[in-house]
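Sequential numbering of the sequence shown, starting at 233, is according to the numbering used here.
The block underneath contains the structure these notes are about, expressed in structure tokens.
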Amino acid sequence: MLFCFCSAIQCGRIENGKIVDKVEEKTTFRCDHGYKSENGINETTCTAEGWSPVPICIVQECSHPPDIDLAEIVSGEKAEYQEGDVVQYRCYPGYTLAGSERITCNGEKWTPPPKCFGTGEKCGRPPTIENGDITTLSLKEYAFGSSVEYRCQHYYIIEGDRKSYCYNGIWTKVPVCLGKKNIQ
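So this is what it looks like as structure tokens:
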């Protein structure tokens, strides 16, 4: 007479996810809303040792909200962003917002950001910076809202916003190029 003491293999539930299909040894799972599979794979196998590979569902995050020319973030700024987080922008004085002032993190990406436009005085040539250059084409005159971008020469590091904007005939603050010995 032959006796068999067998027990069903139990792998447990999937944290922040659920099993959606099982075909032979392969189990397909889906992460809950706001979560994603850590390794991008949604298949696993229940073995005597447990799940292989271990199904891990992690929170979906967005990168830092996009920088908007001629605007600043006025609310919602923080270190990390998860699905549903909202950030609000405001245009600099003299500029008009086009689009929604708020953007939302939809899992791993943001809803489309607004743009800021203006119609003020023109600017002359932008200021030069020591040990740096303007990367854009140099003109005699720039329209209100135009921007130029700066870069530092070799062995110098830029401090401040790379871009300067023409605002009612005046250029916004320009960056500074620091030599390595001046960097803290």
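By construction, the Cβ of each residue, glycine as well, lies at the ideal position given by its N, Cα and C atoms.
Here the structure is a predicted model, which is why all the values come from computation and not from measurement.
Item to complete: Evaluate SER370 with the Cβ neighbour count: other Cβ atoms within 10 Å of its Cβ, from every protein chain shown; 16 or more gives buried, anything less gives exposed.
Response: The count along the sequence shown starts at 1 and reaches residue 370 at position 138. Residue burial annotation: SER370 is exposed, with fewer than 16 other C-beta atoms found within 10 angstroms of its C-beta.
Discussion item. What would DSSP say about LYS412, mapped onto helix, strand or coil?
Written reply: Locating residue 412 in the sequence shown gives position 180, where the first residue counts as 1. Three-state DSSP puts LYS412 in a helix.
Worksheet item: What is the DSSP secondary structure of CYS355, counted as helix, strand or coil?
Response: As a first step, residue 355 is located in the sequence shown; it is residue number 123 there, counting from the start. Under the three-state reduction of DSSP output, CYS355 falls in the strand class.
Item to complete: Determine the closest residue to ILE366 out of ILE251, SER284 and TYR382, with distance taken between C-alpha atoms.
Response: Indexing the sequence shown from 1 puts residue 366 at position 134. It is TYR382.
Worksheet item: Near ILE335, what residues of its chain come up, given a Cβ to Cβ distance below 6 Å and the 5 sequence neighbours on each side ignored?
Response: Working through the sequence shown from its first residue, we reach residue 335 at position 103. Same-chain partners within the cutoff: VAL319, TRP342, THR343 and PRO345.
Worksheet item: Which partner residues does ARG334 have in the DSSP bridge list?
Response: Along the sequence shown, one-based indexing puts residue 334 at 102. Paired residue(s): GLN320.
Item to complete: On the DSSP bridge assignment, give the partners of GLN314 in chain order.
Response: In the sequence shown, counting from the first residue as 1, residue 314 sits at position 82. Per DSSP, GLU293.
Item to complete: Could you check if LYS354 is buried or exposed, using at least 16 other CB atoms within 10 Å of its CB as the buried criterion?
Response: Taking the sequence shown and counting its residues from 1, the one referred to as residue 354 is at position 122. Its Cβ having fewer than 16 others within 10 Å, LYS354 is exposed.
Worksheet item: Three-state secondary structure (DSSP) at LEU302?
Response: Here residue 302 is taken as the residue at index 70 of the sequence shown, counted from 1. LEU302 falls in the coil class under three-state DSSP.
Item to complete: Taking the CB atoms as reference points, tell me whether CYS289 and ASN248 lie closer together than 8 Å.
Response: For the purposes of this step, residue 289 is identified with residue 57 of the sequence shown, where counting begins at 1. For the purposes of this step, residue 248 is identified with residue 16 of the sequence shown, where counting begins at 1. Going by C-beta atoms, CYS289 is nearer than 8 Å to ASN248.
Item to complete: Compute the Euclidean distance between the alpha carbons of PHE237 and GLY282, then round it to the nearest angstrom.
Response: Position 5 of the sequence shown, counting from 1, holds the residue named residue 237. Position 50 of the sequence shown, counting from 1, holds the residue named residue 282. Confidence at PHE237 is low in this model, with a pLDDT of 48, below 50, so its placement is unreliable and the value that follows should be read with caution. Taking the straight line joining both Cα atoms gives about 19 Å.
Worksheet item: In its own chain, which residues sit with a C-beta less than 7 Å from the C-beta of CYS243, not counting the 5 before and 5 after it?
Response: Working through the sequence shown from its first residue, we reach residue 243 at position 11. Sequence-distant partners of CYS243 (beyond 5 residues in either direction) whose C-beta falls short of 7 Å from its own C-beta, in its chain, are CYS278, GLY282 and TRP283.
Worksheet entry | C-alpha distance - VAL406 paired with GLY350, whole-angstrom precision | Locating residue 406 in the sequence shown gives position 174, counting from the first residue. Locating residue 350 in the sequence shown gives position 118, counting from the first residue. Rounded to the nearest angstrom, the two C-alpha atoms are 20 Å apart.
Discussion item. Could you compute how far the alpha carbon of ASN274 sits from the alpha carbon of ALA280?
Written reply: Reading the sequence shown from its first residue, position 42 is the one you call residue 274. Reading the sequence shown from its first residue, position 48 is the one you call residue 280. Rounded to the nearest angstrom, the gap between the Cα atoms of ASN274 and ALA280 is 20 Å.
Fill in: Beta-carbon proximity list for GLY308, same chain, < 7 Å, skipping 5 on both sides
Residue numbering aside, residue 308 sits at position 76 when the sequence shown is read from its first letter. Cβ neighbours of GLY308 beyond the five flanking positions: ASP317, VAL318, VAL319 and GLN320.
Worksheet item: If you draw a straight line from the alpha carbon of ASP299 to that of CYS384, how long is it in whole angstroms?
Response: As a working note, residue 299 is residue 67 in the sequence shown. As a working note, residue 384 is residue 152 in the sequence shown. Roughly 21 Å separates the two Cα atoms.
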